[in-house]
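Peer 1: One structure follows; several queries about it will come next.
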Amino acid sequence: MLQHTPEVNHISDIIKVMNSGVEFYHEAKGKVDRSEYTSFFNRMIDAKESAVLELQKFAVVEKGDFETGSDRMTEVRKVYTKLVNKISPESSAEHYVDQLEEVEDKVLAEIDRALEKDQAPECEVTLRRIYTRMKECHDEMRMLQDGIVH
Numbered sequence: 001m002l003q004h005t006p007e008v009n010h011i012s013d014i015i016k017v018m019n020s021g022v023e024f025y026h027e028a029k030g031k032v033d034r035s036e037y038t039s040f041f042n043r044m045i046d047a048k049e050s051a052v053l054e055l056q057k058f059a060v061v062e063k064g065d066f067e068t069g070s071d072r073m074t075e076v077r078k079v080y081t082k083l084v085n086k087i088s089p090e091s092s093a094e095h096y097v098d099q100l101e102e103v104e105d106k107v108l109a110e111i112d113r114a115l116e117k118d119q120a121p122e123c124e125v126t127l128r129r130i131y132t133r134m135k136e137c138h139d140e141m142r143m144l145q146d147g148i149v150h
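Position one of the sequence shown corresponds to residue 1 (UniProt numbering), numbered consecutively onward.
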């Protein structure tokens with residue numbers, strides 16, 4: 001009887017969202033004139049870059065090469081934020097934080113989607129570990145968002 005060996009699924013999509021998130025956080029650092037956000041944004045960037053590095057070996061299994069692409073919806077959020085900030089630059093921090101919180105939501109949703117699929121055991125363990133870190137990022141971003149909005 002043949003034994004089923006699970007594959008890896010949906011890893012490239014997660015990496016694309018994280019790549020776009022890293023770019024978006026870098027952009028936010030340059031546009032938001034609040035130095036207290038710099039270390040916060042740097043922590044988010046570091047967490048995503050670290051997760052991408054961990055996931056790349058699974059992307060190679062899934063697609064045959066490293067994933068370097070971006071997520072289309074995250075790119076749309078970046079464009080939207082730039083447009084809104086041209087119209088109303090005094091609320092730049094609020095717009096960036098709102099859109100970055102949405103990116104954090106998307107990261108968690110993509111990892112959830114991957115965990116619903118059949119994954120190789122090592123990949124599943126890695127995804128669960130990364131999910132925990134990304135949930136912490138999400139919760140920190142939500143607290144920052146609540147602090148700005150309220």
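Ideal placement from N, C-alpha and C gives every residue a C-beta, glycine not left out.
Along the chain, where does the alpha helix (DSSP H) containing alanine 59 start, and where does it finish?
Peer 2: That run of the alpha helix (DSSP H) goes 36–63.
Peer 1: When burial is assigned at 16 or more other CB atoms within 10 Å of the CB, is threonine 132 buried or exposed?
Peer 2: The residue is exposed, with fewer than 16 neighbouring Cβ atoms inside 10 Å.
Peer 1: Among Asp112, Asp146, Gly21, which residue has its Cα nearest to the Cα of glutamate 94?
Peer 2: Comparing Cα positions, the closest option is Asp146.
Peer 1: Under the rule that 16 or more other beta-carbon atoms within 10 Å means buried, what is glutamate 36, buried or exposed?
Peer 2: Exposed, by the Cβ-count rule.
Peer 1: So which of Arg34, Glu62, Val22, Leu144 has the shortest CA-CA distance to alanine 47?
Peer 2: Per the Cα distances, Val22.
Peer 1: Excluding five sequence neighbours on each side, which residues of the same chain lie with their C-beta closer than 8 Å to the C-beta of valine 103?
Peer 2: Excluding residues within five positions, the ones whose Cβ falls inside 8 Å are Val17, Ser20, Gly21, Phe24, Thr74, Arg77.
Peer 1: Beta-carbon within less than 6 Å of threonine 126's beta-carbon, same chain only, minus the 5 sequence neighbours each way: which residues are those?
Peer 2: Excluding sequence neighbours, threonine 126 sits near Glu54.
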